[in-house]
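All remarks here apply to the structure that follows.
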Amino acid sequence: MNTADLRALDRLQLLVTRRLDGLLHGDYLGLLPGAGSEPGEAREYRAGDDVRRMDWPVTARTTVPHVRTTIADRELETWLAVDLSPSLDFGTVGMLKRDLAEGAVAAFAYLAGRGGNRIGAVVTEGGPAKAIPPRPGRGGARSLLRAVTGLPRGEGGHGAVPVRSNLAELIDKTRRHARRRGLAIVVSDFLEDEEHPSDWPRELRRLAVRQQVLCVEVLDPAELALPDVGVLDLIDPETGQTVEIQTGNARFRARYAAAAAEQRARIAAGIRSGGAAHLRLSTGSDWLRDIAAFVAERRHLAAYR
1 MNTADLRALD RLQLLVTRRL DGLLHGDYLG LLPGAGSEPG EAREYRAGDD
51 VRRMDWPVTA RTTVPHVRTT IADRELETWL AVDLSPSLDF GTVGMLKRDL
101 AEGAVAAFAY LAGRGGNRIG AVVTEGGPAK AIPPRPGRGG ARSLLRAVTG
151 LPRGEGGHGA VPVRSNLAEL IDKTRRHARR RGLAIVVSDF LEDEEHPSDW
201 PRELRRLAVR QQVLCVEVLD PAELALPDVG VLDLIDPETG QTVEIQTGNA
251 RFRARYAAAA AEQRARIAAG IRSGGAAHLR LSTGSDWLRD IAAFVAERRH
301 LAAYR
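Position 262 (the sequence shown) corresponds to 262 in UniProt numbering; numbering is contiguous.
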């Protein structure tokens with residue numbers, strides 16, 4: 001990593017620190033409060049509670065359904081599954097999707113690294129996934145971010161033989177490395193070859209057996225709706241295929257928007273079926289505020305469950 005890259009990394013970390021410290025106040029046991037392992041108090045069952053936490057002795061004594069709460073663990077191990085495949089080398093607003101993905105990694109590493117928590121990652125650029133062992137605290141978060149942002153861009157997808165990303169393989173490798181219960185965050189655009197899709201929702205379900213899972217979907221506004229800018233020559237960075245489209249055709253733009261909405265609905269359904277939380281970030285929005293709002297909402301909901 002050269003001096004310019006290090007300066008860019010420092011600016012990114014400074015941005016994340018200033019913004020998130022200003023938007024999220026207080027100290028927390030973890031990024032997203034989980035169930036924990038230490039037994040707590042019993043309380044009446046509420047709609048949405050996990051039935052596996054039913055306290056049957058108290059329920060029998062009171063004849064009212066009760067669940068046993070737990071105390072959140074004070075040390076959290078977080079694993080980031082980071083997809084930096086060539087499809088993320090795209091952006092039409094102010095940054096590439098890859099830049100947004102790296103920013104999300106920086107933000108969640110900063111949040112999860114509080115209190116000496118350990119952070120590791122499994123990263124792919126379209127080829128074989130690479131594991132970065134977990135390290136504790138802010139120092140671990142910084143070294144992880146250096147390793148992720150220091151990877152050469154375009155490797156695996158812009159070479160002589162283009163390579164499609166395999167999201168299922170990335171999630172499976174993350175599951176194999178995440179041996180301790182904790183938090184797993186999948187950062188990807190979730191775009192795959194529709195003719196040969198991988199069964200990544202199944203791998204999400206397997207990951208969610210032992211981990212609390214969050215899926216961060218990164219996208220660009222042009223992936224949802226095409227602007228009217230005349231003729232465009234587009235290149236698929238993962239296959240090298242080129243296509244010429246006429247964006248001045250209103251019916252074509254409408255079909256594109258409908259297909260894009262259907263695609264995003266399938267992605268959201270796959271994430272739900274995998275038992276994961278879902279956060280969508282766009283290159284055209286204030287992504288740090290979106291992350292802070294999501295985390296604050298999850299903590300607020302957890303406090304009242």
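Beta carbons are placed, not taken as given, at the ideal position from N, Cα and C, and that holds for glycine. For clarity, every value in this text was computed on a predicted model and none was experimentally measured.
Would residue i be called buried (16 or more neighbouring beta carbons within 10 Å of its own) or exposed?
i, result
"Glu192", "buried"
"Gln211", "buried"
"Asp83", "buried"
"Arg180", "exposed"
"Ser87", "buried"
"Pro57", "exposed"
"Ile119", "buried"
"Gly240", "exposed"
"His66", "buried"
"Pro128", "exposed"
"Val93", "exposed"
"residue 313", "A question about residue 313 goes unanswered here, because the residues of the chain that appear run from 1 up to 305."
"Val216", "buried"
"Ile235", "exposed"
"Glu238", "buried"
"Leu85", "The sequence given here places Ser at residue 85; Leu does not occur at that position. Looking at its Cβ environment, which holds 16 or more other Cβ atoms inside 10 Å, Ser85 is buried."
"Val161", "Any reading at Val161 needs caution, since the residue's pLDDT is 49, under 50, leaving its predicted position unreliable; the model's value is listed next. Val161 comes out exposed."
"Val295", "buried"
"Gly48", "exposed"
"Ser285", "exposed"
"Ala178", "buried"
"Gly230", "exposed"
"Gly150", "exposed"
"Asp199", "exposed"
"Asp55", "buried"
"Glu44", "exposed"
"Ala184", "buried"
"Asp99", "buried"
"Gly139", "exposed"
"Pro133", "exposed"
"Glu77", "buried"
"Pro201", "buried"
"Gly103", "buried"
"Val51", "exposed"
"Gly30", "Per-residue confidence for Gly30 stands at a pLDDT of 49, beneath the threshold of 50, marking its modelled position as unreliable; no derived number is given."
"Val243", "exposed"
"Arg176", "exposed"
"residue 313", "Residue numbering for the chain in the displayed model covers 1 to 305; residue 313 lies beyond these limits and cannot be assessed."
"Ala107", "buried"
My assumption, with CB atoms under 8 angstroms, is that residue i sits in contact with residue j. Please give the rounded CB distance.
i, j, result
"Asp233", "Gly248", "The pair is not a contact, with the Cβ atoms about 14 angstroms apart (cut-off 8 angstroms)."
"Gly113", "Ala208", "Contact flag wrong, Cβ pair sits at about 22 angstroms."
"Val218", "Ala101", "5 angstroms"
"Gly91", "Asp220", "5 angstroms"
"Thr174", "Trp79", "5 angstroms"
"Asp172", "Glu203", "5 angstroms"
"Lys97", "Thr283", "6 angstroms"
"Arg68", "Arg53", "6 angstroms"
"Leu214", "Ala293", "Contact flag wrong, Cβ pair sits at about 14 angstroms."
"Leu170", "Val122", "6 angstroms"
"Ala109", "Ala141", "4 angstroms"
"Pro136", "Asn117", "7 angstroms"
Identify every residue that forms a DSSP beta bridge with residue i.
i, result
"Asp83", "Thr124"
"Ala260", "None; Ala260 has no bridge partner."
"residue 312", "No statement about residue 312 is possible, as the shown extent of the chain runs from 1 to 305 and does not include it."
"Lys130", "Val123"
"Met95", "According to DSSP, Met95 bridges with nothing at all."
"Ser282", "Leu219"
"His66", "Glu44"
"Ala277", "Leu214"
"Gln246", "Val231"
"Pro136", "Arg118"
Touching by the beta-carbon criterion (3+ pairs, under 8 angstroms), the region 268-280 and the region 240-258:
No: fewer than three Cβ pairs fall under 8 angstroms.
Would you check if the region 255-267 and the region 217-225 touch, i.e. whether three or more CB-CB distances between them fall below 8 angstroms?
yes
Would you call the region 144-151 and the region 174-188 in contact, with 3 or more CB pairs under 8 angstroms?
no
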